[in-house]
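Asks:
2 protein chains.
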Amino acid sequence: MAHDDVQPASLACGDCPIQHRAVCARCDADELEQLEKIKYYRSFEAGQTIIWAGDQMDFVASVVSGIATLTQTLEDGRTQMVGLLLPSDFVGRPGRNRAAYNVTATTDILMCCFRRKPFEEMMERTPHIAQRLLQMTLDELDAAREWMLLLGRKTAREKIASLLSIVARRDASINMSPSARQMVFDLPLTREAMADYLGLTLETVSRQMSALKRDGVIELQGKRHVTVPDMDRLLLEAGDDSDGGFLI
Amino acid sequence: MAHDDVQPASLACGDCPIQHRAVCARCDADELEQLEKIKYYRSFEAGQTIIWAGDQMDFVASVVSGIATLTQTLEDGRTQMVGLLLPSDFVGRPGRNRAAYNVTATTDILMCCFRRKPFEEMMERTPHIAQRLLQMTLDELDAAREWMLLLGRKTAREKIASLLSIVARRDASINMSPSARQMVFDLPLTREAMADYLGLTLETVSRQMSALKRDGVIELQGKRHVTVPDMDRLLLEAGDDSDGGFLI
DNA sequence: AACAGAATTTGACCCAGATCAAGCAATATC
DNA sequence: GATATTGCTTGATCTGGGTCAAATTCTGTT
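First to last, the protein sequences are chains A and B.
Position one of the first sequence corresponds to residue 1 (full-length UniProt numbering), numbered consecutively onward.
Position one of the second sequence corresponds to residue 1 (full-length UniProt numbering), numbered consecutively onward.
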């Protein structure tokens, strides 16, 4: 998951052919050449499952463009989203060859993959890769823990408001000044995906969206296009004491 | 408490004075000497808050003995536990000087601390420390995500059964063969702490404990001492498809 | 042993969110 | 242009777990 400290500009790192913050921010020419040899691209269509939980993983990868979700399921079909993969996010872990989650493309997606074994060997020789991955993993852990608070203790309305403010914030950091009061963005998730993320049913998501609209917290044009007239109001509804999103 | 006196063999790494898997498993004599210089011990009593969210952190640390919890709170007082710190676990992150969570001792606890700046500098020079921390952080992330599934999608009864099976499993890995059908252990948590961990109220925890007892899934001697006559039954109640605990 | 205080259990009641079931709107297919 | 298909909304009803309150252990102290 990406974070507030990661500026979109930092995603493309100069003339690095991989253009990925996890592995190339501090790579020298020699290291980049090594990476070049073990890398390949894979693309998936929206809705495709990229990796099934339990699958053999012979690669680690980073998202170049598009969005994917990490989900866990109970055998009776209950599913919980446990993470989002946004451009520049990393998936797969050195040292383990089985996937722990389902990874599903929610939009068309392009992944930059590295063969696992050589990547691990390279990591041994190239300390700053482990350091960078540690940094990213710690960010993800913070995000996951923030989400635990949401899942365990927030009301449905607060959950929705939290998700909206997070998406708004991320969109804003890409499209406009993050301090603007009014924000406009498209939801990258269906109601069902929102429900899976928030630990709710899609009906409750829909009802709370309608409630927030009725109360003037948000405006909806169509189903995906959202206008937030007053971000402070939305953040208040989210129930966070802090200024909002660690998440995403 | 059982955990104070029993240390898994793997925690003590040879003649390393720090005896901590995060930082010394592959340290040579020279590195150990450096660590020795920046380390100190702190101890806390059960109930004490070790670190407040937002506090300045001038150290990173690992638990030598005892148990602590990581909690997040909303400003109206709702709290959610987001992690447990057990002996050998690491807390604090290189590269950030503000704590993100409250850390509270649930038993008397001894921590081995390293001054942050020199630790970071040492990490730069000593690749395997970052590699080890990455490994540990990835494990924690998996645990957090497993917990997200629990928080978002499991019923109260399943949550309790999950927690019990996790504690049983961890205890078993210390005290006896993990494959035994019957298990006996002490809960290291109060009902309130269990509730904070599971995203429930303490009344619901109590009720579900009683229900599991009534249904013969567990036996209770006193409030903390638990006997599980049939671990498979408990795991079934936990609703996991896998064989249980990534967690803890 | 008796008491105080905390932790836990149990009961009665309530409500947020789940479930079940229709309708509606937008897009894709023929 | 008619018709599925898919995603979303809304309504009616039910229920798991929350809330409030009162016992009942347990623990430590005098």
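Yeah, the Cβ is synthetic: ideal placement off N, Cα and C, and Gly gets one too.
Keep in mind the model is a prediction, meaning the values are calculated, not measured.
#1: Could you list the residues in the stretch 129 to 150 of chain B with a C-beta less than 8 Å from some C-beta on chain A, going in chain order?
#2: Do you know how far the Cα of glycine 95/B is from the Cα of residue 249/B?
#3: Can you pull the chain A neighbours of glutamine 72/B, defined as C-beta to C-beta under 8 Å?
#4: Under 7 Å Cβ-Cβ, which residues of chain A neighbour proline 127/B?
#5: Decide yes or no for the touch test of the stretch 189 to 207 of chain B against the stretch 155 to 164 of chain B: beta carbon pairs closer than 8 Å, at least 3 of them.
#6: Helix, strand or coil for aspartate 232/A per DSSP?
#7: What does DSSP give as the partner residues of glycine 47/A in its beta bridges?
#8: In chain B, what lies closer than 7 Å to alanine 100/A by C-beta?
#9: Helix, strand or coil: which one does DSSP assign to threonine 73/B?
#10: Would you mind working out which of Arg98/A, Ala105/A, Thr227/A and Leu110/A sits nearest aspartate 55/A, comparing C-alpha positions?
#11: How would you call tryptophan 52/A, buried or exposed, if buried means at least 16 neighbouring beta carbons within 10 angstroms?
#12: Anyone know if the C-beta pair for valine 60/A and phenylalanine 90/A falls short of 8 Å?
#13: Relative to the C-alpha of valine 226/A, which residue among Thr204/A, Val167/A and Leu202/A is closest?
#14: What is the C-beta distance between arginine 93/A and leucine 138/B, in whole angstroms, given that I count them as a contact (C-beta under 8 Å)?
#15: Between the stretch 67 to 84 of chain A and the stretch 27 to 37 of chain A, do at least 3 Cβ pairs fall closer than 8 Å?
#16: Between methionine 123/A and the rest of its own chain, which residues show a CB-CB distance below 7 Å, the 5 nearest in sequence each way excluded?
#17: Exposed or buried, tyrosine 101/B, counting other C-beta atoms within 10 Å across all chains shown (16 or more means buried)?
#18: Nearest by alpha-carbon distance to isoleucine 109/A: which of Glu120/A, Ser88/A and Phe119/A is it?
#19: What span of residues does the alpha helix (DSSP H) with alanine 53/A cover, start to end?
#20: What first and last residue would you give for the alpha helix (DSSP H) that runs through glutamine 34/A?
#21: By the DSSP assignment, the beta strand (DSSP E) with methionine 183/A in it spans what residues?
#22: Is it buried or exposed for methionine 1/A, if we count other Cβ within 10 angstroms and need 16 for buried?
#23: Between arginine 191/A and chain B, is any beta-carbon pair separated by less than 8 Å?
#24: If you count every other CB in all the chains shown that lies within 10 Å of the CB of threonine 155/A, and 16 or more means buried, which is it?
#25: Would you say arginine 191/A and valine 205/A are within 8 Å of each other, going by their C-beta atoms?
#26: Interface residues of chain A around glycine 199/B at Cβ under 7 Å?
#27: To the nearest angstrom, how far is the alpha carbon of methionine 231/B from that of arginine 181/A?
#28: Please report the straight-line C-alpha distance between phenylalanine 44/B and glutamine 208/B, rounded to a whole angstrom.
#29: From Phe185/B, Met57/B, Gly216/B and Arg224/B, pick the residue whose C-alpha is nearest to that of arginine 169/B; which is it?
#30: Drop a sphere of 10 angstroms on the beta-carbon of alanine 46/A, count the other beta-carbons inside from all chains shown, and report buried for 16 or more, exposed for fewer.
#31: Output needed for alanine 211/A: all residues of its chain with C-beta closer than 8 Å, excluding positions within five of it in sequence on either side, in chain order.
#32: Tell me, please, which residues DSSP counts as bridged to aspartate 109/B.
#33: Apply the 10 Å Cβ neighbour rule to glutamate 237/B and answer buried if 16 or more other Cβ atoms are within range, or exposed otherwise.
#34: Taking 8 Å as the CB-CB cut-off, is glycine 83/A touching chain B?
#35: Taking the C-alpha atoms as reference points, what is the distance between residue 250/A and aspartate 240/B?
#36: Quick one: what does DSSP say leucine 189/B is sitting in, helix, strand or coil?
Replies: Once the coordinates are examined:
#1: Ala130, Gln131, Leu133, Leu134, Gln135, Thr137, Leu138, Glu140, Leu141, Asp142, Ala144, Arg145, Glu146, Trp147, Met148 and Leu149
#2: Past the boundaries of the shown model lies residue 249/B; chain B is included only from 1 to 248, so the question cannot be answered.
#3: Arg145, Glu146, Met148 and Leu149
#4: Pro127 and Ala130
#5: yes
#6: helix
#7: None, per the DSSP bridge assignment.
#8: Asp142
#9: strand
#10: Arg98/A
#11: exposed
#12: yes
#13: Val167/A
#14: 5 Å
#15: no
#16: Pro94, Ile129 and Ala130
#17: buried
#18: Ser88/A
#19: It is not in any alpha helix (DSSP H) - alanine 53/A carries neither H nor E in the DSSP assignment.
#20: 29 to 38
#21: 183 to 186
#22: Low local confidence applies: a pLDDT of 42 at methionine 1/A is under 50, so the model's placement there is unreliable, and no value is given.
#23: no
#24: exposed
#25: yes
#26: Leu151, Gly152 and Arg153
#27: 55 Å
#28: 32 Å
#29: Phe185/B
#30: exposed
#31: Arg157
#32: Note that residue 109/B corresponds to isoleucine in the displayed sequence, not to aspartate. According to DSSP, isoleucine 109/B bridges with Phe44/B.
#33: buried
#34: yes
#35: With chain A covering only 1 through 248, there is no way to say anything about residue 250/A.
#36: coil
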